[in-house]
Amino acid sequence: MSLPLKLLVDTNVWVDYFLERRPEAHEAAMGFVAEATAADAALYTSSATMPDLFFLLCQETKRYLREHGEPVDERFAAAVRESAWSSVRNVMGLSLIVPVGQNEALRAMTYRDLHDDFEDDLLLAAAARVDADYVVTSDRALLRHAPVACLDPVDMRALLRARAAAADAE
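For the sequence shown, this note's numbering assigns the number 4 to the initial residue and increments by one for each residue that follows.
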């Protein structure tokens, strides 16, 4: 029997999980979280992700409402914030939060030559901190440049299924 996978989940996957702005990405993120949970994978989220997630969920939801003719008054804005708070609580229930501090910031600096995006590099440092097996991201540039194993939600689902089939065959 193999050990459970340790998977660090990127902000973009959580945004896709909570919002249906891109149906295929939403389905992939929802399926990934469901299958990872069923496989007893350990999900991790960088503490640096949390404020970004909250902000993006609020901004994207308000943008959607405005695009569909809904004025975003104080009542709607309060409901959007409450929804974002609920989503952040949900992430905390689904994953372990990896603290990002000075050591991770210094480590992120070492990734600059490989991937010149400090936010992503902090994510990679958080992955290193917990010795994650994979980073799950929809960020195409990160998938190409990361010095650690990265898969998008669709490919991670395929890997989880392959591992489950191999375990069933044992």
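From the three backbone atoms N, C-alpha and C, an ideal C-beta is built for every residue, glycine too.
DSSP state of Y114 mapped onto helix, strand, coil: Here residue 114 is taken as the residue at index 111 of the sequence shown, counted from 1. It is coil, neither helix nor strand.
Three-state secondary structure (DSSP) of T64: As a first step, residue 64 must be located in the sequence shown, where it is residue number 61. In this structure, T64 counts as helix in the three-state DSSP scheme.
Residues near E107 by beta carbon distance below 7 angstroms, same chain, minus five either side: Indexing the sequence shown from 1 puts residue 107 at position 104. L125, A128, A129, R132, listed in sequence order.
8 angstroms contact criterion, which E38 and H29 should meet: CB distance rounded: Working through the sequence shown from its first residue, we reach residue 38 at position 35. Working through the sequence shown from its first residue, we reach residue 29 at position 26. Between H29 and E38 the Cβ distance is about 15 angstroms, and since that is not below 8 angstroms, they are no contact.
Host alpha helix (DSSP H) of S90 (start-end): Here residue 90 is taken as the residue at index 87 of the sequence shown, counted from 1. Where S90 is concerned, the enclosing alpha helix (DSSP H) stretches over 77-97.
The region 157-170 touching the region 33-53, judged by at least three CB pairs closer than 8 angstroms: yes
Contact set for L99: own chain, Cβ-Cβ below 6 angstroms, skip 5 residues either direction: Here residue 99 is taken as the residue at index 96 of the sequence shown, counted from 1. Correct list, in chain order: Y47.
Simplified DSSP assignment, three categories, for A51: For the purposes of this step, residue 51 is identified with residue 48 of the sequence shown, where counting begins at 1. Three-state DSSP puts A51 in coil, outside helix and strand.
In DSSP terms, what V138 is bridged to: Translated into positions along the sequence shown, residue 138 becomes position 135. Answer by DSSP bridge pairing, in chain order: L11, C153.
DSSP bridge partner residues for A45 (one or two, in chain order): Your numbering for residue 45 matches position 42 in the sequence shown. K9.
Contact belief for D142 with D13 at Cβ below 8 angstroms, rounded distance in angstroms: Against the sequence shown, residue 142 aligns to sequence position 139. Against the sequence shown, residue 13 aligns to sequence position 10. Rounded, the Cβ-Cβ distance is 6 angstroms, consistent with contact.
Cβ-Cβ distance between F35 and P156 below 9 angstroms: Counting from one through the sequence shown, the residue named residue 35 turns up at place 32. Counting from one through the sequence shown, the residue named residue 156 turns up at place 153. Going by C-beta atoms, F35 is nearer than 9 angstroms to P156.
Helix, strand or coil at V133 according to DSSP, with G and I counted as helix: Within the sequence shown, the letter at position 130 stands for residue 133. Correct three-state label for V133: coil.
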